[in-house]
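To start, the structure under review is shown below, and the notes come after it.
Residue numbers (UniProt numbering): 1 to 151.
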């Protein structure tokens, strides 16, 4: 794991291939994490249609908050290593649970400076492991359910 080579006070943030963030997101990441105390699990806005322009804002008709998704997180290396006891973690949700069980606090709130762009998701890819396919299918189910609520 390349992360082990980084200094303990390095702020680490996970990303998503389709993540759209404004510069203020990194400022929020620094504010919402506290070394030795707190990890941040921002709730991104999921866009349900491709962006027509870069200025399209957050609205009820353009998407929803991905409150079911714990894949995006920020934390200091020392805290992530403490939460996962130096081992790999299976998912953001796994890291979230481990952080709580080791006494770390978590900050979770909608993040206006972070959204996930609309994209097709194919789960039956031979290159995905069985767990990755299952996680993908679960995510698709949640996305479809949330999308149907705004249509």
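Idealized CB from N, CA, C, for every residue including glycine.
I'd like the list of long-range same chain contacts for residue i, defined as Cβ closer than 7 angstroms, with 5 residues on each side in sequence excluded.
i, result
"residue 102", "82, 83"
"residue 25", "111, 113, 114"
"residue 66", "43, 44, 46, 116"
"residue 138", "none"
Just the C-alpha distance for residue i and residue j, rounded to the nearest angstrom, thanks.
i, j, result
"residue 16", "residue 44", "11 angstroms"
"residue 5", "residue 127", "28 angstroms"
"residue 105", "residue 142", "26 angstroms"
"residue 98", "residue 62", "33 angstroms"
"residue 11", "residue 125", "33 angstroms"
"residue 7", "residue 30", "16 angstroms"
"residue 68", "residue 134", "15 angstroms"
"residue 28", "residue 19", "16 angstroms"
"residue 140", "residue 14", "20 angstroms"
"residue 90", "residue 132", "10 angstroms"
"residue 88", "residue 80", "10 angstroms"
What residues in its chain sit with their C-beta under 6 angstroms from that of residue i, if we drop five residues either side in the sequence?
i, result
"residue 136", "123"
"residue 35", "76"
Do residue i and residue j have their CB atoms nearer than 8 angstroms?
i, j, result
"residue 32", "residue 22", "no"
"residue 92", "residue 71", "yes"
With residue i and residue j assumed to form a contact (beta carbons below 8 angstroms), what rounded beta-carbon distance in angstroms separates them?
i, j, result
"residue 130", "residue 77", "With a Cβ gap of about 30 angstroms, residue 130 and residue 77 do not count as contacting."
"residue 47", "residue 116", "7 angstroms"
"residue 73", "residue 100", "With a Cβ gap of about 13 angstroms, residue 73 and residue 100 do not count as contacting."
Leaving out the 5 sequence neighbours to the left and right, which residues in its chain are closer than 8 angstroms to residue i when beta-carbon positions are compared?
i, result
"residue 9", "35, 76, 77, 78"
Given 8 angstroms as the limit, is there contact between the region 106-125 and the region 56-76, that is, 3 or more CB pairs closer than that?
yes
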